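Single-structure report; data block below.
Residue numbers (the numbering used here), protein chains in the order written: chain A, 1 to 311; chain B, 1 to 515.
Listed below in structure tokens is the structure:
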């Protein structure tokens, strides 16, 4: 029954149309690929928002009307060693505003950031009631096309290398219920804008913008159903940036903004018992609170296929 | 196996840790430069022709006490004592202000422009609030430091500095009282030796004049500007160059020229530049009656009044009348020339490249930035340091450039509201841009006029840089067409307009005695 040993994108999809980051590029769950097995995920999602937090003020802005963001992503996971998985992700993103809008800004599209990650199983302890396990993961991403991060809210991403360190702890009861905590430190580097001056609570005479790093926390409650054919999760994902400025009144966001959010989500993954190795997953996520981030709702659909690479 | 994995992990952590440290960047918050030796002293600078004053000698200050007097000797002792007790913070401040504080006060102005360059958003009922100088707290805060506002703030700042420094130079070389470190060689001088007489302090003129001008332009920043001025004056007293009376005399001159400048500003017509809807509509309707077209704001909700419809009526510095530089009529919508431009814009939109995007973004200088006039001030600051100008030459450069920029703005706004020509997004159905379309008519392009005017003055003052700055101005003009917010004739005619405007200022510069 190794079909459940797949990864998925999880609810930790960093799904910010604006200043924040990429589509989930990182392994944030407890599932490990068996050695020599590979899994592919083809994934599409759609998100939109017509309100955003400017500082902590929730604003509508007819200049941008409703911002739409679509992405398609290919991800691969491979069991390098029994306790070590590697991951690679490549997302394509497209953004625009609905019409009519007051700004008449052109949307953008293109490849965003390539990411490569590692996940290592630190421990697994079986108790009478269930299983307690812990994992550490490391994910690096960097832009793969020369998109401009400083074209918000339409930019594809933050335009900077990022490094995510995560600790994953999960307790699973024999009943199939589980609780998971994913704590991450996301280092975000600098992005090069096209201008040589910007205001970030003061003058900056440089093209380089410091993108605030953040602490990210996710709490998940989930359950396996029908002998591990289906799993369903509810989650709360939060980001708190360590620095950064507020979006200025009625002005466009910029990569230096302090982006914080709390998002709730629902996720389900179905592993086909008939078509061996195939799975389908879906999620819905919506922002319930934030600072300098969009009040965005997203839905996604993905297909997974897992097989032994070297028999 | 487990052990191997552990060491692999440790290795990765170490490598990535090093990578992170190596990636920290130092982001410049001002032009990086240190004290330098001035390329000229301009001993006759006090006889150059000022703009607001009749002559450098017009501001009268008392003759300084001779260096042999007990009065001077006690000031000298105080200067020395102050230097001996200097704190680390004060030392840093001296390095920060440098021996050319014209650049630093210019940067303070640019920062305030960027800080206040925010367009008011709509109220809940769809109306728009207007910043009010009589209630600067707002919301919205006063001012909205848009490009015309910025050009004016910078012009008054630089002209006051320049006039004040002409006066300072006059008195310096009339009295020739040496610097403290020259009188007493045991006093260390913080900057490169410059042999300028110390009375009055040029730095103090700059500090006092700049503070007063900027306080008027940015009333909510009074406390910030007072603190900057005190820090600067304190710093001057610790450089080893000035004694107390040098600084006091400089402050006196600074205050006198600022007063003159602000008297002019109060009556230059800027207060009436932002009009009521009735006046704005009548201007639009007059254009429609004359030409058969009118620009209309396309935002949502629609802004009822464009930006400063009467900025074109503001008092010019060096151009005799605004009609003298008003360009000819733009191509009528529907004409062959117009249709060719529609085609061109659609072509740019369909074939955006990394390069055209970069150009559009580089020159955008939009909301929350120092605006195009600010961008050119930043270029000028770099040339001033590169060519090691003294404070007087630096202020002269900025004064002429900023007068030309403001005259350019006035001339451009005159054309904008005279012709009231629509923007591409108003004319071309479904057209989208990569830059924000501003709230005023298209013809001619503000960026083009500001940039051409600025570049001509810089080309005159720095002939070695002439071809470079002119090419920049042309690129700045073209950037607006790439951005999709201007017609190519807005840019082309605007560039020529800016060049024409600048000639009046350059004529004045040629005869001010500095050459």
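Quick reminder that beta carbons are idealized off the backbone N, C-alpha and C, glycines included. Since the model is a prediction, treat every value here as computed from it, not as a measurement.
Could you spell out the range, first to last residue, of the beta strand (DSSP E) harbouring residue i?
i: residue 316(A); result: Residue numbering for chain A in the displayed model covers 1 to 311; residue 316(A) lies beyond these limits and cannot be assessed.
i: residue 260(B); result: First-last for residue 260(B): 244–266, but that is the alpha helix (DSSP H), not the beta strand (DSSP E).
i: residue 33(B); result: Element bounds for residue 33(B): n/a, residue is neither H nor E.
i: residue 103(A); result: Unbroken run through residue 103(A): none, as it is neither H nor E.
i: residue 306(A); result: 297–308
i: residue 144(B); result: Careful: residue 144(B) lies outside any beta strand (DSSP E) and carries neither H nor E.
i: residue 465(B); result: Here residue 465(B) belongs to no beta strand (DSSP E), and DSSP marks it neither H nor E.
i: residue 72(A); result: 67–81
i: residue 222(A); result: 214–225
i: residue 236(A); result: 230–241
i: residue 279(A); result: 278–291
i: residue 271(A); result: 260–271
Name the chain A residues whose beta carbon is nearer than 9 Å to that of residue i?
i: residue 364(B); result: 194, 195
i: residue 357(B); result: 148, 151, 194
Using a cut-off of 8 Å between C-beta atoms, extract the partners of residue i located in chain B.
i: residue 164(A); result: Simply none; closest approach about 11 Å.
i: residue 240(A); result: What residue 240(A) touches in chain B: nothing, since even the nearest Cβ is about 19 Å away.
i: residue 104(A); result: 298, 425, 431, 432, 433, 437
i: residue 292(A); result: Residues of chain B passing the Cβ test: none, with the nearest at roughly 14 Å.
Using a Cβ-Cβ cut-off of 6 Å (strictly less than) and excluding sequence neighbours within five positions of residue i, which residues of its own chain qualify?
i: residue 263(A); result: 237, 285, 287
i: residue 26(A); result: Residue placement at residue 26(A) cannot be trusted, given a pLDDT of 33 that sits under 50; what the coordinates show is reported in the next sentence. If we look at residue 26(A) and ignore the five residues flanking it on each side, its Cβ neighbours are 117, 139, 164.
i: residue 148(B); result: 308, 311, 409
i: residue 274(B); result: 308
i: residue 352(B); result: none
i: residue 300(A); result: 45, 283
i: residue 179(B); result: 198, 241
i: residue 71(A); result: 23, 45, 91, 93
i: residue 229(B); result: 207, 211
i: residue 133(A); result: 30, 124, 170
i: residue 67(B); result: 183
If I measure Cβ to Cβ from residue i and keep anything under 7 Å in the same chain, skipping five residues before and after, which residues do I get?
i: residue 200(A); result: 245, 256
i: residue 187(A); result: 162, 163, 213
i: residue 433(B); result: 425, 483, 484, 485
i: residue 457(B); result: 400, 401, 404, 502, 505, 506
i: residue 140(B); result: 120, 129, 131
i: residue 356(B); result: 348, 482
i: residue 101(A); result: 62, 63, 64, 65
Assuming residue i is part of the alpha helix (DSSP H), what are its boundary residues?
i: residue 164(B); result: 147–175
i: residue 48(B); result: Premise fails: residue 48(B) is in no alpha helix (DSSP H) and is neither H nor E.
i: residue 111(B); result: 101–116
i: residue 499(B); result: 488–510
i: residue 76(B); result: 70–84
i: residue 52(A); result: Element bounds for residue 52(A): not the alpha helix (DSSP H) but the beta strand (DSSP E), 51–54.
Could you list which residues in chain B have their beta carbon closer than 7 Å to that of residue i, in chain order?
i: residue 323(A); result: Outside the shown range of chain A (1 to 311) lies residue 323(A), about which nothing can therefore be said.
i: residue 199(A); result: 114, 115, 368, 369
i: residue 190(A); result: 25
i: residue 248(A); result: 118, 368
i: residue 62(A); result: 300, 301
For a contact meaning CB atoms closer than 8 Å, what does residue i contact in chain A?
i: residue 111(B); result: 199, 202, 203
i: residue 361(B); result: 148, 150, 151, 193, 194, 195
Going by beta carbon distance, what residues of the same chain come within less than 8 Å of residue i, once the five residues before and after it are set aside?
i: residue 4(A); result: Because residue 4(A) carries a pLDDT of 34, less than 50, the predicted location of this residue cannot be relied on, and no value is offered for it.
i: residue 196(A); result: 205, 206, 207
In chain B, what lies closer than 9 Å to residue i by C-beta?
i: residue 101(A); result: 300
What residues of chain A sit near residue i, judged by a beta carbon separation below 7 Å?
i: residue 31(B); result: 205
Original post:
Touching or not, the segment 169–180 of chain B and the segment 57–70 of chain B, by the rule of three or more beta carbon pairs under 8 Å?
Top reply: Taking 8 Å as the limit for Cβ pairs, the verdict is that the segment 57–70 of chain B does touch the segment 169–180 of chain B.
Subject >> Inside the segment 308–371 of chain B only - alpha helix (DSSP H) runs reaching at least 4 residues >> reply: You should have 336–350, 354–362.
Subject >> Stretch-stretch touch, CB-based, cutoff 8 Å, three pairs: the segment 105–121 of chain A with the segment 320–334 of chain B >> reply: No, because fewer than three Cβ pairs between the segment 105–121 of chain A and the segment 320–334 of chain B fall closer than 8 Å, the two stretches do not touch.
**OP:** Assess, as a yes-or-no matter, whether the segment 246–258 of chain B is touched by the segment 272–287 of chain B under the definition of 3 or more beta carbon pairs within less than 8 Å.
**Re:** As far as the Cβ criterion goes, the segment 272–287 of chain B does not touch the segment 246–258 of chain B, which means the pair count is below three.
**OP:** Please list the segments of the alpha helix (DSSP H) lying wholly inside the segment 274–298 of chain B, counting only runs of 4 or more residues, in order along the chain.
**Re:** Counting only unbroken stretches of 4 or more residues, the alpha helix (DSSP H) elements lying wholly within the segment 274–298 of chain B are 277–291, in sequence order.
Original post:
Is the segment 437–447 of chain B in contact with the segment 388–395 of chain B, if contact means three or more CB pairs nearer than 8 Å?
Top reply: The count of Cβ pairs closer than 8 Å, one atom from the segment 437–447 of chain B and one from the segment 388–395 of chain B, stays below three, leaving the stretches out of contact.
Original post:
Whole beta strand (DSSP E) runs in the segment 123–207 of chain A with 3 or more residues, listed along the chain?
Top reply: Uninterrupted beta strand (DSSP E) stretches at least 3 residues long and entirely within the segment 123–207 of chain A occur at 130–143, 162–173, 177–188, 190–192, given in chain order.
Subject >> Within the segment 380–462 of chain B, ranges of the alpha helix (DSSP H) (whole runs, at least 4 residues) >> reply: DSSP runs (the alpha helix (DSSP H)) wholly in the segment 380–462 of chain B: 391–419, 424–427, 446–461.
Original post:
For the segment 269–279 of chain A against the segment 63–70 of chain A, are there 3 or more C-beta pairs whose distance is under 8 Å?
Top reply: Short answer: they don't touch.
Original post:
Are the segment 235–245 of chain B and the segment 74–89 of chain B in contact at 8 Å, needing three or more beta carbon pairs?
Top reply: Between the segment 235–245 of chain B and the segment 74–89 of chain B there are three or more inter-stretch CB-CB distances shorter than 8 Å, so the stretches are counted as touching.
Original post:
Looking at C-beta atoms only, is the number of pairs between the segment 142–153 of chain A and the segment 164–174 of chain A that lie closer than 8 Å three or more?
Top reply: The segment 142–153 of chain A vs the segment 164–174 of chain A: no contact.
Subject >> Those runs of the alpha helix (DSSP H) which lie wholly inside the segment 189–232 of chain B and span at least 4 residues >> reply: At a cut-off of 4 residues, the continuous stretches assigned as alpha helix (DSSP H) that sit fully inside the segment 189–232 of chain B are 202–217.
**OP:** Count the C-beta pairs between the segment 104–115 of chain B and the segment 144–161 of chain B that are closer than 8 Å, then say yes if the count reaches three, no if not.
**Re:** Enough Cβ pairs lie closer than 8 Å, so yes.
**OP:** Count the C-beta pairs between the segment 42–60 of chain A and the segment 291–306 of chain A that are closer than 8 Å, then say yes if the count reaches three, no if not.
**Re:** The segment 42–60 of chain A is in contact with the segment 291–306 of chain A.
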